[in-house]
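For the sequence shown, position 182 matches number 182 in full-length UniProt numbering, and the numbering has no gaps at all.
For each residue, glycine too, the CB sits at the ideal point set by N, CA and C.
Have a look at the structure below, then the notes.
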Amino acid sequence: MATAKEDGGTSSRKKQCKAFTWCIFICSLAAILFIFYEYHFSRSNGSKDLIITSMDKDHLKVVNTFVEKFREEAKEYSKDSSLWKKMSAMVKTESNDQYKLVLLYTGFFGHFPWGWLRDTTALNQWDGMTCPHYHCTLTYDKKDFKKADAVIFHAQDMVSRSELNALQLSRTANQRWIFFPTESPQNVPESHMINGLFNWTMSYRRDSDIFRPYGYFYPRSKKRTTEEKDAFLEYLESKDLLVVWLCSHAGALRDKYVRRLRTFIKIYVYGKTGARVGGISGKCLQDSPDCKKHLKRFKFLLAFENSFCTDYVTEKYWFCLEMGIVPVVMGGAEYDKIAIPGSYINVKDFPTIKALADYLQHLDLNDKEYNKYFEWKEKYKVVIDAPWTCQLCARLNIDHKKKVYNGLEYYWGAAQQCGIKEDVIKKIIAKQPWGKTSMSS
Numbered sequence: 001m002a003t004a005k006e007d008g009g010t011s012s013r014k015k016q017c018k019a020f021t022w023c024i025f026i027c028s029l030a031a032i033l034f035i036f037y038e039y040h041f042s043r044s045n046g047s048k049d050l051i052i053t054s055m056d057k058d059h060l061k062v063v064n065t066f067v068e069k070f071r072e073e074a075k076e077y078s079k080d081s082s083l084w085k086k087m088s089a090m091v092k093t094e095s096n097d098q099y100k101l102v103l104l105y106t107g108f109f110g111h112f113p114w115g116w117l118r119d120t121t122a123l124n125q126w127d128g129m130t131c132p133h134y135h136c137t138l139t140y141d142k143k144d145f146k147k148a149d150a151v152i153f154h155a156q157d158m159v160s161r162s163e164l165n166a167l168q169l170s171r172t173a174n175q176r177w178i179f180f181p182t183e184s185p186q187n188v189p190e191s192h193m194i195n196g197l198f199n200w201t202m203s204y205r206r207d208s209d210i211f212r213p214y215g216y217f218y219p220r221s222k223k224r225t226t227e228e229k230d231a232f233l234e235y236l237e238s239k240d241l242l243v244v245w246l247c248s249h250a251g252a253l254r255d256k257y258v259r260r261l262r263t264f265i266k267i268y269v270y271g272k273t274g275a276r277v278g279g280i281s282g283k284c285l286q287d288s289p290d291c292k293k294h295l296k297r298f299k300f301l302l303a304f305e306n307s308f309c310t311d312y313v314t315e316k317y318w319f320c321l322e323m324g325i326v327p328v329v330m331g332g333a334e335y336d337k338i339a340i341p342g343s344y345i346n347v348k349d350f351p352t353i354k355a356l357a358d359y360l361q362h363l364d365l366n367d368k369e370y371n372k373y374f375e376w377k378e379k380y381k382v383v384i385d386a387p388w389t390c391q392l393c394a395r396l397n398i399d400h401k402k403k404v405y406n407g408l409e410y411y412w413g414a415a416q417q418c419g420i421k422e423d424v425i426k427k428i429i430a431k432q433p434w435g436k437t438s439m440s441s
């Protein structure tokens, strides 16, 4: 039979247990409320002064740059201050309560869904970070067409003009149609056939409404550790091969250049068109682990574009940075405005092909000079994509001005946008007479 003392002890323990349970409940509730407050506050407006503790500050700076750019454009458009105030109020309301609906109407090189953009979660992220200010909802369902805020058409999968005309009849007044080319204008013919339909462009061109280049870099605040630096220097010291070229498509100008360059230095060539420049060096499938391991042995990679078009810098350049190889570039873009300063060698900066060959051999014998092409790693970080998804959702909320591309061929036409700097390369090639390709691998 329990004594009074035992009953008192049991009662005391029950009280302690109940108090502990209440403490856990209150702490949990407080944590939930705090998380809700942080999430709501982080999305409550587009201010660049937001305190968002869960986000990398470098990422936030990049996204804020685009958001502020869109705001300034909208403000410039709204000369009437009262209209600007009205638009600003509209932006705040929409950013709080509405997710813009984005419809991907076409496939992406025939693929549905787009392999790299499968769902809403992917649309609202950039480089592992959730977009800070504005979010969107993604759909592939064409039944959502009428209620979509934006409809994206991939240029290489473009539907017929008759289908576009039919869609035009049922689109809402504020719906944005986005023209999304991923190839150069030379591979997107007859853009004039779709004039008067599209409101925005999304491409690698710097003046696109939504900027989506093949790669992207931004300033880094966190410095590399000593261990990281030492490991990378050790990697550079392990390189024992000079130049490689990966080429799967013929290009008369770059083929001529490479064939002449091979008369001065040994170049390993992989790809279908190797026979055009003196023979291939074997097989190397770029995405295979064995090929990547092999490529890391090279000091230089020829990143020669197949089209000389405005801002056209493809994955060839960015792949080199990823692999720790110095890209030797050729193309129509202004590389000093797109590429990382000090990260590349441009063939047009050399008066002759032999001058380039001599310079590459000089760097091969001078590690200190060669390593300077990687000093950018202290200042910048390279990522696969620009924050175009964050840009898209921000612009849908901020940019309300009317815009239609009535002369799309002037923006995305080969006659207007390609052939840039080809004459410079032709003159350099003309200075180098044909010689025996004695240095081919």
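What three-state label does DSSP hand residue i in the structure shown?
i      : result
Ile428 : helix
Val277 : helix
Ala173 : coil
Gln125 : strand
Lys85  : At Lys85, the pLDDT of 47 sits below 50, so the modelled position is not reliable; the number obtained from the coordinates is stated separately. DSSP places Lys85 in helix when its eight states are reduced to three.
Phe374 : helix
Met193 : helix
Phe41  : Residue confidence for Phe41 is low, a pLDDT of 36 falling below 50, so the modelled location carries little weight; the figure read from the coordinates is stated next. It is helical.
Tyr105 : coil
Tyr344 : coil
Lys223 : coil
Phe145 : helix
Leu117 : strand
Phe179 : strand
Phe211 : strand
Lys283 : coil
His133 : coil
His111 : strand
Residue i lies in the beta strand (DSSP E); which residues open and close that run?
i      : result
Lys316 : Premise fails: Lys316 lies in the alpha helix (DSSP H), 315-323, not in any beta strand (DSSP E).
Pro219 : 216-219
Thr201 : 200-203
Thr139 : 136-139
Val326 : 326-330
Tyr268 : 267-270
Val244 : 241-246
His154 : 150-154
Have a look at residue i and residue j and give me their C-alpha separation to the nearest angstrom.
i           : j      : result
residue 448 : Ser160 : A query on residue 448 cannot be resolved here, the shown segment of the chain reaching from 1 to 441 and no further.
Gly251      : Thr273 : 9 Å
Phe198      : Lys292 : 40 Å
Pro181      : Thr314 : 13 Å
Lys372      : Leu392 : 36 Å
Met129      : Ala150 : 22 Å
Lys143      : Leu123 : 20 Å
Arg71       : Tyr370 : 42 Å
His362      : Leu356 : 10 Å
Gly107      : Phe66  : 27 Å
Tyr105      : Leu253 : 37 Å
Ile52       : Leu101 : Any reading at Ile52 needs caution, since the residue's pLDDT is 40, under 50, leaving its predicted position unreliable; the model's value is listed next. Going from the Cα of Ile52 to the Cα of Leu101 covers about 25 Å.
Asp56       : Ser208 : 26 Å
Phe145      : Ala166 : 12 Å
His249      : Lys239 : 27 Å
Asp336      : Ser170 : 44 Å
Ile210      : Ala414 : 21 Å
Asn45       : Pro289 : Note that Asn45 has pLDDT 37, beneath the 50 cutoff, so the model's placement of it is unreliable and no number is given.
Ser307      : Lys266 : 25 Å
Lys421      : Ala430 : 15 Å
Cβ of residue i within 8 Å of Cβ of residue j?
i      : j      : result
Tyr257 : Ile425 : yes
Phe298 : Val243 : yes
Cys390 : Trp126 : yes
Asp311 : Arg395 : no
Val277 : Leu302 : no
Gly215 : Ile384 : yes
Gln417 : Arg260 : no
Tyr218 : Val62  : yes
Asp399 : Glu183 : no
I need the boundaries of the alpha helix (DSSP H) containing residue i, first residue and last residue.
i      : result
Phe232 : 226-237
Asp336 : 335-338
Tyr359 : 353-365
Tyr257 : 252-261
Is any heavy atom of the ligand ATP found at a distance shorter than 7 Å from the C-beta of residue i?
i      : result
Lys299 : With respect to the ligand ATP, the structure shown offers nothing to examine, as it has no ligands at all.
Taking only runs of the beta strand (DSSP E) that begin and end inside the region 287-317, which ones reach a length of at least 3 residues, in chain order? 298-304
Beta strand (DSSP E) segments (min. 3 residues) lying fully within the region 378-423: 380-383
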